[in-house]
Amino acid sequence: VFPAEQARVFRANDVKVRDSGRPQEFVEMASQDGVTHTYSSLKFPVLNGGSPYAVGGVSLDVTEQKQAEASLRRSEARYHALFAQADDAIFLMEDGRLTDCNARALEMLGRRREEILGNTLLAFSPPRQANGRDSAESAAEKIQAAYGDVPQRFEWLYSRADGTPFQVEVSLAAMDLENRRSLQAIVRDITERKRLEDALRNIAAGVSAATGETFFQQLVLHLGKLFDAKYAFIGLLDETGRNQINTLAVSQDGAIADNISYRLDDTPCANVLGQGPCAYPEHVRQLFPKDVLLQQMGGESYIGTPLFDAAGKPIGLIVVLDTRPMADTRQVEPILEIFAARASAEAQRIRAEAHIRQMAYQDYLTGLANRALLHERLAEQLALGRVSSRFGAMLLIDLDHFKTINDALSHDVGDEVLRGVARRLGEAAGADILLARLGGDEFAALVPTDFDNREDAARKARTVAERVLQALSSPLAVGEGVLNVGASIGAVVLPEDGESELDILRHAEIALYHAKSMGRGNVQFFLPGLQAMAETRLQLEEGLRRAIAHQELVLHFQPQIDAAGRMVGAEALLRWNHPERGAVSPVEFVPVAEESGLIHPLGTWVLEQACGRLAAWLREGVPFTGHLSINVSPWQFAREDFVQQVTRVLDRCGLPAGRLMLELTESALLYDLEGTVQKLHALRALGLGVALDDFGTGYSSLAYLKDLPLDVLKIDQAFVRELDRGTDHPLVETMIAIGRHMRLGVIAEGVETAVQHDTLVKLGCENFQGYLFAKPLPEADLLKWLADRRP
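Under this note's numbering, think of the first position of the sequence shown as 120, with each following residue one higher.
Encoded structure:
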């Protein structure tokens with residue numbers, strides 16, 4: 120068919136046609152379409168009478184067959200290449216016997232090729248598998264299924280040459296290789312994976328039921344063992360805003376170590392919190408040379424992952440740190456991230472719980488313990504004292520005049536005072552003393568029951584009390600002003616002074632009232648007889664509230680006289696007629712009013728009553744000459760709206776401002792001198808007079824007198840009484856000279872004898888007030904006194 124020159128014999132061999140013995144050859148020829156075809160040619164003789172005289176032949180197109188064979192050869196070549204280079208062990212089996220294996224298989228079993236080939240895989244398996252089944256029985260089932268073209272995937276136990284068991288994952292499938300039916304087993308060593316899975320299960324089981332400190336300790340212990348690392352720790356960012364980590368648990372060499380705090384600057388931990396999970400398999404100390412903690416721990420490798428709150432904000436981190444390089448940090452990272460989520464949730468739970476506990480047991484304003492926590496600890500100390508026969512103590516601390524400060528200067532100022540006092544109490548009391556704020560201006564200090572006898576406990580309590588009084592005696596800076604905030608302290612000894620915590624608190628309060636009655640600024644211990652005094656004081660406060668509400672208070676008026684005997688004014692003085700106790704002295708009830716805050720409604724009542732009565736007298740033609748003086752409490756004067764309050768009362772009563780004189784003590788300068796001066800100028804601009812009462816009893820007025828817009832100085836009766844002794848009187852003489860030099864009127868109070876009067880006149884005093892001229896008089900008696908003096 121084809122010319123001989125177009126044909127090329129590419130293979131001529133001795134391959135025989137089956138059963139013919141005829142030679143066969145393959146010829147490639149090009150067809151008219153230019154495609155090369157392969158033909159198989161069989162030559163045979165043509166016989167003529169038994170003698171060959173010609174040659175005949177048959178040619179078949181075997182192109183597709185030859186291409187398939189070539190593809191098969193290439194596929195088998197690729198398979199053998201992959202077989203040899205695979206990371207997993209590969210075994211080939213025929214009739215259950217191993218016919219081939221790759222290099223990884225030799226390495227996995229730890230045996231030579233001749234030890235493997237010809238054996239079954241059962242030769243390298245323990246008698247029973249991890250699930251307890253017989254190895255031979257289980258293997259037979261899986262081989263049979265694979266030969267039935269059902270691929271098998273299962274876990275299996277093998278043994279190395281030294282007998283060490285290891286776990287693998289097997290993929291078993293049938294295949295045709297070189298025209299033979301075989302089984303291929305791809306075996307992957309999963310020992311490390313199973314170890315990690317088991318470790319994770321153990322960690323999960325170990326921490327699933329744990330909470331709080333136990334949870335974190337279990338977690339770091341397991342993580343340290345899992346990765347064979349020297350250190351593992353969990354830490355949270357400091358909540359005070361400092362760039363610092365405070366650890367919750369630290370594992371070192373497989374044991375729990377002490378917690379630590381460290382700065383984040385120039386540390387890998389800063390990168391974890393800022394960038395997310397970070398791994399440094401080696402040389403971490405060289406990468407962070409300023410990290411003191413790394414240097415101390417000898418860190419070589421480090422991996423950490425952050426903890427997040429519900430809003431996705433970093434709140435802390437988990438770290439695994441070792442003194443050796445880490446071979447593969449890829450295993451560590453995902454595990455840390457898994458447990459970081461659980462640790463984050465636990466950390467947030469603990470913070471939420473701490474916040475709730477803080478709200479329940481901490482005073483929001485001062486940060487000290489609150490009443491609830493004090494009750495709890497006090498009950499514990501009482502129980503402990505009874506069981507151990509040991510003694511403790513408690514101090515009840517009350518600030519002097521705080522209620523009036525709070526009302527007069529605003530609650531913001533009061534809050535700042537309380538915070539400042541809390542700081543000073545903390546500095547004075549000591550670390551072993553529980554400090555609590557009970558509410559308002561009451562604080563408590565609990566001395567633990569560590570003493571063998573009552574005397575030692577009382578001695579410790581007195582020492583603490585004296586330190587507290589000393590700490591509170593110096594002026595307290597509040598805003599732009601300065602306040603003198605003193606305190607009184609009541610003390611009780613545990614457990615003798617009360618059966619319950621309520622008894623202890625009640626008896627401490629009784630001792631506190633006694634301390635106040637002793638002049639404040641001191642400490643008094645509870646005595647059984649004090650209970651009656653405390654009840655009296657309480658009754659006094661309740662009675663005073665009722666007196667204000669039911670008009671049980673009255674004003675008396677004491678005239679003021681000049682040297683010629685003419686009336687220059689009068690002072691309105693408050694009196695209280697108790698329905699049961701009769702007349703109650705201002706010396707008794709005014710301190711109670713100041714302490715309870717009743718001084719404000721009391722002062723308002725006095726102002727309104729005095730202005731109302733004077734306005735009525737003037738309308739009725741009563742011969743009252745001069746001014747009417749009223750005493751103003753420092754706390755009343757300190758109110759921001761005091762000037763407006765006086766203005767409203769004057770307008771409502773229709774009283775000319777020039778007929779009213781306000782008497783202020785030196786303690787009116789308590790808080791803000793500049794503000795005091797402004798108020799005084801405003802009052803004098805209205806036409807009111809201003810007198811400085813009890814002049815000479817304080818220490819500040821002489822320094823500030825030149826700055827105060829005043830009209831009158833009132834010499835205190837304590838100096839007037841000294842005039843009866845007939846000696847020199849330089850203080851009184853100096854006071855009168857100061858008044859004259861500053862062009863101020865001077866009134867001497869408490870003048871009771873002619874000697875006092877005559878001496879004052881000689882010293883230059885022009886105005887007087889006292890029993891020598893008239894006692895404080897009820898209104899009716901004053902009107903009669905005025906009528907009798909009318910010319």
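Cβ atoms here follow ideal geometry from the backbone N, Cα and C, with glycine treated the same way. Remember, predicted model here, so these are calculated numbers, not experimental data.
Residue 808 is positioned such that its CB atom lies closer than 9 Å to that of residue 781. For residue 378, the three-state secondary structure derived from DSSP is coil. Judged by their CB atoms, residue 642 and residue 553 are not nearer to each other than the 9 Å cut-off. Within the DSSP secondary-structure output, residue 388 pairs in no beta bridge. If you check the CB distance, residue 487 and residue 556 come in under 9 Å. Under DSSP, no beta-bridge partner is assigned to residue 202.
Of the candidates 659, 282, 674 and 740, 659 places its Cα closest to the Cα of residue 715. Between residue 462 and residue 338, the gap from beta carbon to beta carbon is short of 9 Å. Here the alpha carbons of residue 331 and residue 474 stand approximately 14 Å from one another. Contact between residue 895 and residue 692 is confirmed by a C-beta separation of about 5 Å, below the 8 Å threshold. Residue 489 carries a coil assignment under DSSP once its states are collapsed to helix, strand and coil. If you compare the alpha carbons of 881, 889 and 224 with that of residue 872, the shortest gap goes to 889. Residue 727 has its alpha-carbon roughly 22 Å from the corresponding atom of residue 687. Here the alpha carbon of residue 504 sits roughly 12 Å from the alpha carbon of residue 616. Residue state for residue 670 is assigned as coil, using DSSP reduced to three classes.
Rounded to the nearest angstrom, the gap between the Cα atoms of residue 639 and residue 521 is 13 Å. Across the structure, residue 738 and residue 903 are spaced so that their CA atoms are roughly 17 Å apart. Closest option to residue 269, judged by alpha-carbon separation, among 302, 239 and 252: 302.
Contact holds between the segment 271-285 and the segment 228-237, because three or more Cβ pairs, one in each stretch, are under 8 Å apart.
Assignment of residue 604 by DSSP, reduced to helix, strand and coil, places it in the coil class.
When Cβ pairs closer than 8 Å are counted between the two stretches, the segment 369-376 is seen to touch the segment 342-354, the count reaching three or more. Taking the Cα of residue 537 as reference, the smallest distance to any Cα among 482, 570, 657 and 571 is reached at 482. For residue 220, the enclosing beta strand (DSSP E) begins and ends at 216-220. Put simply, the backbone Cα of residue 385 is about 38 Å away from that of residue 480. Cα atoms of residue 305 and residue 236: separation of roughly 16 Å, rounded to the nearest angstrom. Looking at the backbone, the Cα of residue 263 and that of residue 238 are separated by about 18 Å. DSSP, reduced to helix, strand and coil, places residue 422 within a strand of the structure shown.
In terms of Cβ geometry, residue 510 and residue 427 do not form a close pair [threshold 9 Å]. Considered as a whole, the segment 820-875 harbours 820-823, 836-840 and 849-860 as its complete alpha helix (DSSP H) runs of no fewer than 4 residues, in chain order. By the Cβ test, the segment 443-458 is not in contact with the segment 354-371, since fewer than three Cβ pairs between them sit closer than 8 Å. Of the other Cβ atoms in all chains shown, 16 or more fall within 10 Å of the Cβ of residue 392; this residue is therefore buried. In the three-state scheme derived from DSSP, where H, G and I count as helix and E and B as strand, residue 582 is classed as helix. If you draw a straight line from the Cα of residue 684 to the Cα of residue 865, it is about 15 Å long.
Proximity to residue 736 across 362, 772 and 224 peaks at 772, based on C-alpha coordinates. By the neighbour-count criterion, in which a residue is buried when 16 or more other Cβ atoms sit within 10 angstroms of its Cβ, residue 439 is buried. Distance from the CA atom of residue 874 to the CA atom of residue 696, rounded to whole angstroms, is 34 Å.
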